[in-house]
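Single-structure report; data block below.
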Amino acid sequence: MGTYGHFRNLCDTGVLSKSDPLVVVFEKSFPDNQWVELDRTEIIHNHLNPDFAKKIVMEYHFEEQQRLNFVVYDVDWKSDKLEKHDFLGNCETTLGEIASSGKISKLLKNGPSSDCGSIIISAEEVSSCKDELTLDISGRMLDKKDIFGSSDPFLAFYRVNEDRRPLVIACIDWNRSGRESLIGEITTSANELLTMFNNGIYSLDSLNFRYNLGNQTTRSLLIPTKLKGINITRILELTELSCCIAIDFTASNGSPQVPGTLHYSTVTQPSQYAVALQAVGEIISDYDSDNLFPSFGFGACIPPDNNVSHCFPLNGHMDNPYCEGIQGAMAAYAHSLRTVKFHGPTNFAPIINTVARLYNNNNNNNNNNNNNNNNNNNNKASSLPLSIIIVGVGPANFDEMEELDGDEVRLSSRGKTAIRDIVQFVPFRNFHQLNNVQESKRRLTKAVLSEIPDQLVSYMRMQGIKPLNTQNNDFKIGTHSEFRDSSCKMYHSDKLPHAPPYPTDIANPPYPNC
């Protein structure tokens, strides 16, 4: 995953000039829980609204909570030691939160003043940069920049990112002295190039070089290959994920008041159910846009009639079973432990039916509640955009649960085979460490969430959904025009922002302050 940092209204700690910001990105390590430096951006001199060009690359794991800390410094000395520089503020977040939105905006904290400015973090999956786009480009009627001869043009491509992010192609006149002159530039995108396809040739007559050209026009012919591949980060940006929770309240768990049983918790030692619920919920919450969790229980007698229910809301409100955040779900779970009577049998088919109805926006809670065939309901759900995560708690035999997880053989019932594998089952005992709750949570989430991205992609393939071909022309993340400081001119003295140093000496890049 690659992230970019864009900052607004940073604190000005300079005496004779504005701040010279540098950003250092830290990740919280495991298991020692310490901040470890990942990378640093370039330094942008005399700027309070910097847009950093350097991409901070890190490994992205959907199934893990990766905490990040973006720390901003004002560089005053030629030293790599951070304590030599002025601290301007920081922002903590998770890589999952960034990946799920594509772009987030947060206020900086802990700086020298109450208003430290803000940070906009945009992200893309680095693997998407491996998609190939081959271009053959020819120019016509280019502006003449040299007095005694024609221009020596070369093209510079900058901010080349995802297909809907602007791609700026600048035409520059090379000079032996190292002082290049800008001939002109166009702003387009890979997606726009693809939509202009005409017998293998893209005509850019309408995208004229619009800088210092007067009435002249430039005609370009581009021949690209087809973009290919699936970008899971792009999918997450354009997908709304919702998490529904269901907890087993059958009598086989033992009384929650008896020490050693599966639902028994203390202040210092949470139950296995609590550990599993919090571990998975904390990861999923980064991708749940409204942070509301429909939370249910099954296999218990519920008040006031003490009838057995295999789908009851933990908060007691069937018309509104949503809990606010994972902490709200945990509180509702603790309340249910005190109010329901454990019973049985294990039947979560009504839970699956309820979730399917939530997806279909159907509030009729009386349909199919008597159907206790888990396999059959899972088969029906395999055609819906659902993933079912089952965490087996306790020492019981989970052979039937293993059967539901169709990793080896696709699940079948009543002669019908599931369209796709949507179930992931793991026994909690394989990951539980009695004296290390954090390690138990980390290992568990890594196991139970590892299949979710593939299941999401399999549904999209089944439905013929292509995430890279969004029809929303207004969609943009981290565009050049959005992040550029409006108080600055597009170019200064014909210097191109972020242009590569070639063919100028790489030891002396021509645009150090842009």
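Everything in the sequence shown is counted per the numbering used here, starting at 1495 for the first residue and increasing by one.
C-beta: ideal position from N, C-alpha, C; glycine also.
Model, not experiment: these values are computed from the prediction.
Three-state secondary structure (DSSP) at residue i?
i: ILE1796; result: strand
i: TYR1758; result: coil
i: ALA1826; result: helix
i: SER1612; result: strand
i: GLU1531; result: strand
i: ILE1846; result: helix
i: GLN1453; result: In this structure the chain extends from 1495 to 2008, so residue 1453 is not present and cannot be described.
i: LYS1600; result: strand
i: PRO1947; result: helix
i: LEU1589; result: helix
i: ASN1801; result: strand
i: GLN1560; result: coil
i: VAL1569; result: coil
i: GLU1679; result: strand
i: ILE1778; result: helix
i: PHE1836; result: strand
i: SER1595; result: helix
i: GLY1748; result: coil
i: ALA1768; result: helix
i: SER1952; result: helix
i: ILE1820; result: helix
i: GLU1734; result: coil
i: ALA1547; result: coil
i: LYS1578; result: helix
i: THR1939; result: helix
i: LEU1649; result: strand
i: ARG1851; result: helix
i: ASN1584; result: strand
i: ARG1914; result: coil
Sorted by chain position, which residues of the same chain lie with C-beta nearer than 6 angstroms to residue i's C-beta, five sequence neighbours on each side aside?
i: ILE1778; result: CYS1737
i: PRO1921; result: GLY1886, PHE1892
i: SER1607; result: CYS1505
i: GLY1496; result: LYS1549, VAL1551, GLU1618, VAL1620
On the CB-based measure, 16 or more other CB atoms within 10 Å of its CB, does residue i come out buried or exposed?
i: LYS1935; result: buried
i: THR1762; result: exposed
i: PRO1798; result: exposed
i: ASN1924; result: exposed
i: ASN1503; result: exposed
i: THR1507; result: buried
i: PRO1753; result: exposed
i: TYR1765; result: Before going on, a small fix: residue 1765 reads as Ser here, not Tyr. Looking at its Cβ environment, which holds 16 or more other Cβ atoms inside 10 Å, SER1765 is buried.
i: LEU1808; result: buried
i: SER1644; result: exposed
i: THR1760; result: exposed
i: VAL1447; result: The structure shown does not extend to residue 1447, since the chain is modelled only from 1495 to 2008, so the question has no answer here.
i: HIS1579; result: buried
i: ASN1800; result: exposed
i: PHE1651; result: exposed
i: ILE1663; result: buried
i: ILE1884; result: buried
i: SER1830; result: buried
i: HIS2011; result: Residue 2011 cannot be examined here, being either before or after the span of the chain that is shown, 1495 to 2008.
i: PRO1750; result: buried
Pull up the CB-CB distance for residue i and residue j, whole angstroms please, since I reckon it's below 8 angstroms.
i: ASP1780; j: GLU1945; result: 18 angstroms between Cβ atoms; not a contact.
i: TYR1824; j: ALA1773; result: Residue identity check: residue 1824 is Met in the sequence provided, not Tyr. With a Cβ gap of about 12 angstroms, MET1824 and ALA1773 do not count as contacting.
i: ARG1462; j: LYS1597; result: Since the first and last residues shown for the chain are 1495 and 2008, residue 1462 lies out of range.
i: LYS1600; j: CYS1610; result: About 11 angstroms separates the two Cβ atoms, so there is no contact after all.
i: GLN1932; j: PRO1525; result: 7 angstroms
i: PHE1842; j: PHE1792; result: 5 angstroms
i: LEU1756; j: GLY1888; result: 5 angstroms
i: PHE1546; j: GLY1499; result: 5 angstroms
Go through its chain and collect everything with a Cβ distance to residue i's Cβ below 8 angstroms, but skip five positions before and after it.
i: PRO1647; result: GLY1633, LEU1636, CYS1665, ILE1666, ASP1667, TRP1668, ILE1677
i: THR1588; result: GLN1559, GLN1560, ARG1561, LEU1562, ASP1780
With a CB to CB cut of under 7 angstroms and the five nearest residues on each side skipped, what residues in its chain are close to residue i?
i: PRO1544; result: PHE1501, PRO1515, ILE1538
i: GLU1776; result: GLN1559, ILE1820
i: THR2010; result: Any answer about residue 2010 is impossible in this case: the structure gives the chain only from 1495 up to 2008.
i: LEU1510; result: none
i: ARG1937; result: PHE1925
i: ALA1770; result: VAL1885, VAL1887, PHE1922, LEU1938
i: ILE1959; result: none
Could you confirm whether any beta carbon from chain C is found closer than 8 angstroms to the beta carbon of residue i?
i: MET1552; result: Included in the structure is just one protein chain, with no chain C present.
Open item on the list: Between the stretch 1556-1566 and the stretch 1500-1519, can you find at least three pairs of beta-carbon atoms closer than 8 angstroms?
Closed with: Judged by Cβ distances under 8 angstroms, the stretch 1500-1519 makes contact with the stretch 1556-1566, as three or more pairs qualify.
Open item on the list: Taking contact to mean 3 or more Cβ pairs, one atom from each stretch, closer than 8 angstroms, check whether the stretch 1531-1539 and the stretch 1604-1620 are in contact.
Closed with: Segments in contact, no.
TODO: Would you check if there are 3 or more beta carbon pairs closer than 8 angstroms linking the stretch 1944-1956 to the stretch 1879-1889?
DONE: When C-beta atoms of the stretch 1944-1956 are compared with those of the stretch 1879-1889, three or more pairs fall below 8 angstroms, so the two segments count as touching.
Open item on the list: Tell me whether the stretch 1730-1747 and the stretch 1783-1791 touch, counting them as touching only if at least three CB pairs, one residue from each stretch, are closer than 8 angstroms.
Closed with: Yes: the two stretches touch, three or more of their Cβ pairs being nearer than 8 angstroms.
TODO: Decide yes or no for the touch test of the stretch 1550-1563 against the stretch 1745-1758: beta carbon pairs closer than 8 angstroms, at least 3 of them.
DONE: Verdict: no, contact absent.
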